[in-house]
Amino acid sequence: KAGVTQTPRYLIKTRGQQVTLSCSPISGHRSVSWYQQTPGQGLQFLFEYFSETQRNKGNFPGRFSGRQFSNSRSEMNVSTLELGDSALYLCASSFRTGDHEQYFGPGTRLTVT
Amino acid sequence: GESVGLHLPTLSVQEGDNSIINCAYSNSASDYFIWYKQESGKGPQFIIDIRSNMDKRQGQRVTVLLNKTVKHLSLQIAATQPGDSAVYFCAELEDFNKFYFGSGTKLNVKP
Chain R
1 KAGVTQTPRY
11 LIKTRGQQVT
21 LSCSPISGHR
31 SVSWYQQTPG
41 QGLQFLFEYF
51 SETQRNKGNF
61 PGRFSGRQFS
71 NSRSEMNVST
81 LELGDSALYL
91 CASSFRTGDH
101 EQYFGPGTRL
111 TVT
Chain V
114 GESVGLHLPT
124 LSVQEGDNSI
134 INCAYSNSAS
144 DYFIWYKQES
154 GKGPQFIIDI
164 RSNMDKRQGQ
174 RVTVLLNKTV
184 KHLSLQIAAT
194 QPGDSAVYFC
204 AELEDFNKFY
214 FGSGTKLNVK
224 P
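Taken in sequence, the protein lines are chains R and V. In case it helps, my numbering puts the first sequence at residues 1 to 113. In case it helps, my numbering puts the second sequence at residues 114 to 224.
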C-alpha cells in the first residue's frame, strides 16, 4: 500500500508570510504526528492529531498550528514565518494514537528567506 | 539529496565489518526506545525497538543493547553493507505518544 505522502516537497517563502503543509497518512492510519528537523536541533515533536483532535503538543510557539480532517489527512500551518523556521518538516502516521510504530513521509523542505 | 545533519558525529566503517552506534538518553523513567535510519532525501525508517524491561533485542543483522544504569543505548549492525550508509537516530518515549530524538550519527560504509 502507498506510504505517507507530503506535499509540497520543497517550498521557498519570505519572512512574514505563512505556509500550509499537507500530509496524507497510510490508508487506515488515523494518527498523524508532525516533526521539525534542523541541523542544530535535530528532530523535534510538533504535535499529534487523532480523530481530528490534537492529542499532544511539543514546545513550539503558537505560530505553529495544525488540523486533521475526517479522512485523517492533516495540515500544519506556520504563520509569520521567521528565518529560523527553515527546516525539513516530517509527518508520521500510525494506526491509532499511542501506537509507537510510526511511518514517516519524505518531508517538506521549507526555506525561509 | 537533502542534508539532515550538517554537524553530526560520523562513524566510518569498512564494508563487512560490524558497526556500533551509541546514544545517551536523558530520562531515566523512559520505558521504550526506538532506533531509526534516515537515508538522504527520505524520512526516518523504523529499525528496531526495545522496552526498558529488556537489556538486549535482536533483529535481522541488528542488535540493540540497553544499559539503564548509565542511560545508554547502542545499535550494533553486523556485516555492514553500503546500503546501511545513513543517519541513525535513537528515540525515547517521553510522553504517551511523544518521542524525543537524539541528535543522530552518520554512518559511512566504505566499499
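Using N, Cα and C, we set each Cβ at its ideal position, and we do this for glycine too. It should be emphasised that the depicted structure is a prediction, and the values quoted were computed from it without experimental measurement.
Quick check on DSSP: helix, strand or coil for residue i?
i: V:G215; result: coil
i: V:D162; result: strand
i: R:G98; result: coil
i: R:L21; result: strand
i: R:G42; result: strand
i: R:L81; result: coil
i: V:G196; result: helix
Going straight from the alpha carbon of residue i to that of residue j, what length do you get?
i: R:A92; j: V:K181; result: 28 Å
i: V:S125; j: R:R30; result: 39 Å
i: R:S24; j: R:Y35; result: 15 Å
i: R:L46; j: V:V222; result: 33 Å
i: V:K184; j: R:Q17; result: 42 Å
i: R:K13; j: R:S86; result: 9 Å
i: R:T38; j: V:F146; result: 21 Å
i: R:E52; j: V:F212; result: 20 Å
i: V:Y149; j: V:C203; result: 6 Å
Do residue i and residue j have their CB atoms nearer than 9 Å?
i: R:V19; j: R:L81; result: yes
i: R:Q41; j: R:E48; result: no
i: R:R67; j: R:N77; result: yes
i: V:I134; j: V:S198; result: no
i: V:I163; j: V:Y201; result: no
i: R:R109; j: R:L43; result: no
i: R:G3; j: R:Y103; result: yes
i: R:G98; j: V:F209; result: yes
i: V:A192; j: V:R174; result: yes
Mark residue i as exposed unless 16 or more other C-beta atoms lie within 10 angstroms of its C-beta, in which case mark it buried.
i: V:G114; result: Confidence is the limiting factor: at V:G114 the pLDDT is only 33, short of 50, which leaves the residue's position unreliable, though a coordinate-based value still follows. Exposed, because fewer than 16 other Cβ atoms sit within 10 Å of the Cβ of V:G114.
i: V:V177; result: buried
i: R:T113; result: exposed
i: R:L83; result: exposed
i: R:F50; result: buried
i: V:E205; result: buried
i: V:E128; result: exposed
I want to verify the contact list: residues of chain R whose CB lies under 7 Å from the CB of residue i, in sequence order.
i: V:S216; result: G42
Name the chain R residues whose beta carbon is nearer than 8 Å to that of residue i?
i: V:I147; result: H100
i: V:D168; result: Those do not exist, as V:D168 stays about 19 Å from chain R at its closest Cβ, beyond 8 Å.
So does residue i have its beta carbon nearer than 8 Å to some heavy atom of the ligand GTP?
i: R:S33; result: What this structure holds is no ligand at all, so the ligand GTP is not there to describe.
Which residues in chain V have a C-beta closer than 7 Å to the C-beta of residue i? List them in chain order.
i: R:F45; result: K211, F212
i: R:T97; result: N210
i: R:N56; result: D208, F209, N210, K211
Starting from the beta carbon of residue i, find every residue of chain V whose beta carbon is closer than 8 Å, and list them in chain order.
i: R:P106; result: G154, K155, G156
Along chain V, which residues have their Cβ under 9 Å away from the Cβ of residue i?
i: R:E75; result: Within chain V, no residue comes near R:E75; the closest Cβ sits about 17 Å away, beyond 9 Å.
i: R:E52; result: Per Cβ cutoff of 9 Å: no residues; R:E52 is ~16 Å from chain V at best.
List the residues of chain R that residue i touches, going by C-beta distances under 9 Å, in chain order.
i: V:D144; result: Under the 9 Å cutoff, chain R gives no residues; its nearest Cβ is about 11 Å from V:D144.
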